[in-house]
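Residue numbering for the sequence shown follows my numbering, beginning at -12 and increasing consecutively.
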Amino acid sequence: MKNKEQDAPQKDNKKSEEKLNIDVSSNLHENMRILKETFDKCSDVVIRSLKVGENPASLMYIDGLVDNSSIQLHAIHRLLSKIEPQQVTPEYLEEQVISINKVVEATKLDDVTKQILAGNTILFVDSMAKAMVFNARGGETRSVSEPETETAVRGPREGFTENIRVNTSLIRNKIKSSRLKIISKEVGTETNTNVDILYMDGLAEQSLVEEVEKRIDQIQIDGILESGYIEELIEDSPSSFFPQIQNTERPDTVAANLLEGRVAILVSGTPFCLILPTTFWQFLQASEDYYNRFHISIFLRWLRFIFILIALLLPALYIAVSTYHPEMIPSNLLYSIAASRESIPFPAFVEAMIMEVAFEALREAGIRLPKPVGQAVSILGALVIGQAAVQAGIVSAPMVIIVSLTGIASFTIPRFNMAISIRLLRFPLMLLAGMFGLFGIVLGLLFIITHLCKLRSFGVPYLSPLAPLTVKDLKDVFIRVPWWKMNSRPNQTNKENAQRESSS
């Protein structure tokens, strides 16, 4: 019985598809009958009847997806002007009447339906066996604003929006070259989401572009609502903790990566662009590294490297040393820690887990609450709970310091998806430290490093150019050399055209 109920909608969908997979009729009433059945109970679909010359006609569009003033001025007003009967032809209407910049013809009702759902306007004229499709898209969209997840002191202040055409124009403004290619696709059987693949012809490896196209074409899903869907469906190792595709809201970051031979993926309905292939080191680099003087960039990079180790290892090291290796702690500090832990009823591992979970919950609450309230809750909550926990004898003061330093360290990682991966890996390392001490931490680190060495991002080793070693590419990993020495592109993304054209 259940199977029959599940099969019924599928049969209805097939019948609907067969009904639409026919040619546009020269009979206006027949076309409108089929489309009215298709868009039954769709109150936002507008059908405007009018006469073109002496022929009955109908305009069809979705209210809210089009610019009403553009339709009124460039279509309806001109179609209602005096047109001779012999002039009612697709060619004459396209060339002499409709003054919208892009007009195409559709001969299948299935194509007409897709165009309506995409936000285009359709014109049917009686006795014409084709429909005219013109672009009068509009509606409410968010304006270009500063990226919220990638703030910078120095650099452009513009970020992507949910409109894919606005996003491609922002990249075109950065790269004014005919070598910038854009391949458009539709993904999702129900959402028909627009997906654009961007690359620089001659810089990106053709095999990489073909592989990206192949993986996107293989996606079989009913809807794509955000670029995260695409990311998870095309990455090499979806079960890994580590992200293998970079996401960004910044057009300048996308432009820089395109010029290095990488591929970008824009998805309609989201301000986040995907960049691939990517390496581990890219997640520790900020766009600001390339706008400041190289001395400052080197200092900030090393600061991030130090603090990523603190974010990953500090709680585990504290648990291991205080539980199994107290002889490694200086005597005065050991007496202080022992005195603060004298009244604590839990071992160091349980104490650390309580504080880490509480800190993560406060951070999540601060993100989900409204901004003015969220900041106050996260900061004051941490202070109040930490102080109260110490006074109540649930946790020790050194543990509060350790957890606070760890939280601050995780904020220094520029990419959120890498920061949250490090936060997650902290917990198994704490467990290993609580069970085996420093030996457990070493085992955990060996496992993480082995896993990183095995990872690939569209065929590129995740730890390159360090493993495998490419010495000339190390100039933009641990340090950032001056721009006059950055005269070649990364070897892992561009082997044939490695020399930058600006170099002498």
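For glycine and all other residues, C-beta sits at the position ideal for the given N, C-alpha and C.
Residue i versus residue j - alpha carbon distance
{"i": "residue 126", "j": "residue 106", "result": "9 Å"}
{"i": "residue 32", "j": "residue 192", "result": "44 Å"}
{"i": "residue 344", "j": "residue 169", "result": "44 Å"}
{"i": "residue 250", "j": "residue 284", "result": "25 Å"}
{"i": "residue 327", "j": "residue 138", "result": "39 Å"}
{"i": "residue 70", "j": "residue 64", "result": "12 Å"}
{"i": "residue 324", "j": "residue 353", "result": "31 Å"}
{"i": "residue 141", "j": "residue 274", "result": "9 Å"}
{"i": "residue 165", "j": "residue 157", "result": "15 Å"}
{"i": "residue 61", "j": "residue 216", "result": "38 Å"}
{"i": "residue 214", "j": "residue 185", "result": "14 Å"}
{"i": "residue 480", "j": "residue 226", "result": "24 Å"}
{"i": "residue 86", "j": "residue 247", "result": "41 Å"}
{"i": "residue -5", "j": "residue 454", "result": "Bear in mind that a pLDDT of 46 at residue -5, under 50, signals an unreliable position, so the model cannot answer this."}
{"i": "residue 89", "j": "residue 122", "result": "6 Å"}
{"i": "residue 10", "j": "residue 97", "result": "9 Å"}
{"i": "residue 490", "j": "residue 190", "result": "At residue 490, the pLDDT of 42 sits below 50, so the modelled position is not reliable and the matter cannot be decided from this model."}
{"i": "residue 46", "j": "residue 93", "result": "14 Å"}
{"i": "residue -10", "j": "residue 376", "result": "With a pLDDT of 47 at residue -10, under the threshold of 50, the modelled position of this residue cannot be trusted, and the question is left open."}
{"i": "residue -7", "j": "residue 177", "result": "Note that residue -7 has pLDDT 44, beneath the 50 cutoff, so the model's placement of it is unreliable and the number below is only indicative. Their backbone Cα atoms lie some 17 Å apart in a straight line."}
{"i": "residue 404", "j": "residue 413", "result": "15 Å"}
{"i": "residue 35", "j": "residue 58", "result": "11 Å"}
{"i": "residue 200", "j": "residue 151", "result": "18 Å"}
Residue from the options with nearest C-alpha to residue i
{"i": "residue 134", "options": "146, 120 and 463", "result": "146"}
{"i": "residue 12", "options": "29, 319, 118 and 405", "result": "118"}
{"i": "residue 410", "options": "388, 221, 153 and 396", "result": "396"}
{"i": "residue 187", "options": "196, 419 and 179", "result": "196"}
{"i": "residue 230", "options": "238, 221 and 247", "result": "221"}
{"i": "residue 206", "options": "129, 175 and 198", "result": "175"}
{"i": "residue 459", "options": "272, 430 and 477", "result": "477"}
{"i": "residue 302", "options": "100, 421 and 36", "result": "421"}
{"i": "residue 95", "options": "171, 109 and 54", "result": "109"}
{"i": "residue 493", "options": "400, 342, 454 and 82", "result": "In the structure as shown, the chain begins at -12 and stops at 491. Residue 493 is therefore absent and cannot be evaluated."}
{"i": "residue 464", "options": "448, 299, 271 and 391", "result": "271"}
{"i": "residue 269", "options": "78, 25, 450 and 24", "result": "450"}
{"i": "residue 300", "options": "393, 340 and 82", "result": "393"}
{"i": "residue 103", "options": "51, 159 and 152", "result": "51"}
{"i": "residue 120", "options": "130, 100, 132 and 447", "result": "100"}
{"i": "residue 381", "options": "430, 331, 391 and 351", "result": "331"}
{"i": "residue 153", "options": "374, 371 and 183", "result": "183"}
For residue i, the residue or residues it bridges with in DSSP
{"i": "residue 20", "result": "Paired residue(s): none; residue 20 is not in a bridge."}
{"i": "residue 43", "result": "38"}
{"i": "residue 10", "result": "95"}
{"i": "residue 102", "result": "Beta-bridge pairing links residue 102 to no other residue."}
{"i": "residue 173", "result": "181"}
{"i": "residue 90", "result": "121"}
{"i": "residue 251", "result": "185 and 262"}
{"i": "residue 374", "result": "Beta-bridge pairing links residue 374 to no other residue."}
{"i": "residue 444", "result": "447"}
{"i": "residue 33", "result": "48"}
Cutoff 8 Å: residue i Cβ touching any chain B Cβ
{"i": "residue 168", "result": "The chain inventory of the structure shown lacks chain B, comprising one protein chain alone."}
Spell out a yes or no on whether the stretch 374 to 386 and the stretch 256 to 263 are touching, meaning 3 or more CB-CB pairs, one atom from each, closer than 8 Å. In the pairwise beta carbon analysis, the stretch 374 to 386 is classified as not touching the stretch 256 to 263: fewer than three pairs are separated by under 8 Å.
Could you pull out every unbroken beta strand (DSSP E) segment of at least 3 residues lying fully inside the stretch 110 to 170, listed in chain order? Segments of the beta strand (DSSP E) lying fully in the stretch 110 to 170: 118 to 121.
Can you confirm whether the stretch 441 to 459 touches the stretch 420 to 427 when touching is taken to mean that 3 or more C-beta pairs between the two stretches lie within less than 8 Å? Short answer: they don't touch.
Three or more C-beta pairs below 8 Å linking the stretch 405 to 421 and the stretch 292 to 307: The stretch 405 to 421 makes contact with the stretch 292 to 307; the number of CB pairs closer than 8 Å reaches 3 or more.
Should the stretch 238 to 249 be regarded as contacting the stretch 207 to 219, the criterion being three or more beta carbon pairs within less than 8 Å? The stretch 238 to 249 is not in contact with the stretch 207 to 219.
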